[in-house]
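Accompanying notes for the structure given below.
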Amino acid sequence: MGMTLVIKDLCEENLDDHPCFRYMGTTERTISMTKEWLRKVYSKFGSCVKVAYLDGKPVGMIQYAPMDIFPHVNRPDAHKTILIHCIYIAEEHRTKGIGRKLMENLIDDLRKPHPYLDGERFEKIEVLAGKDRPGPAGPVEFFAKMGFRTVKHLGSNDLLMEFQL
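Here you go:
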């Protein structure tokens, strides 16, 4: 009997399912600050987290937002660029293709016209990927497999990678 994987957008109804609230020993203060930020982004952009449920249990997520929602970003293309700032899969569920499914689901969604852009489409996804370490958003190898290409090296450990939508 196979396990059932379902991907849902995080919204008010399932806000407590954010895997970082469950798996990462997050403090109450951090949780309430994160919820506040998620609600703020939700009000401007819509859901900014996709949650993977395995047999009804939240086991992973991908968190993202348009680049111009982040403070201190001053780039002409920021409005049409999505930044992935966190991918998390619970340890016991890694290497099962959950991250890939989350990413495919996100790419499919972002290829559609979006209300945040008045019905236009996003142009690309960017991510800060780690070499020889998982962070900041995830390992380089994962994004390379998903079709991201390296834009530039940031320090010795991180790469800025992008995916053209």
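Mapping of the sequence shown onto this note's numbering: position 66 corresponds to residue 141, and the numbering continues sequentially without gaps. Where is the CB? At the ideal position from N, CA and C, for every residue including glycine.
Taking the Cα of Ser122 as reference, the smallest distance to any Cα among Asn89, Glu103, Ser107 and His154 is reached at Asn89.
Counting only unbroken stretches of 3 or more residues, the beta strand (DSSP E) elements lying wholly within the segment 190-221 are 199-205, in sequence order.
The beta carbon of Gly194 is closer than 7 Å to those of Pro188 in its chain, skipping five residues each way along the sequence. C-alpha of Tyr98 to C-alpha of Asp143: approximately 29 Å in a straight line.
Non-local C-beta neighbours of Phe223 in its own chain, meaning closer than 8 Å and more than five positions away in sequence, comprise Ile200, Val202, Ala204, Met236, Glu237 and Phe238, ordered along the chain. Within the segment 115-194, the complete alpha helix (DSSP H) runs of at least 4 residues fall at 173-185. Looking at the DSSP output, Phe238 shares a beta bridge with Ile200. Only residues of its own chain outside the window of five on either side were considered, and among them Pro94, Cys95, Gly135 and Met136 have a CB closer than 7 Å to the CB of Tyr163, listed in chain order. An exposed status is given to Gly230, since fewer than 16 other beta-carbon atoms sit within 10 Å of its beta-carbon. Counting along the chain, the unbroken beta strand (DSSP E) around Thr225 starts and ends at Arg224 to Leu229. Apart from the 5 residues on each side of it in sequence, Lys155 sits with its Cβ closer than 7 Å to the Cβ of Leu192, Phe197 and Glu198 in its chain, given in chain order. Short of 8 Å from the beta carbon of Asp207, and not among the five residues preceding or following it, lie these beta carbons of its own chain, in chain order: Asn232.
The straight-line gap separating the alpha-carbon atoms of Phe145 and Asp184 is approximately 21 Å. With a beta-carbon spacing of about 5 Å, Lys83 and Val126 fall inside the 8 Å limit used to define contacts. The continuous alpha helix (DSSP H) containing Cys95 extends over residues Pro94 to Tyr98.
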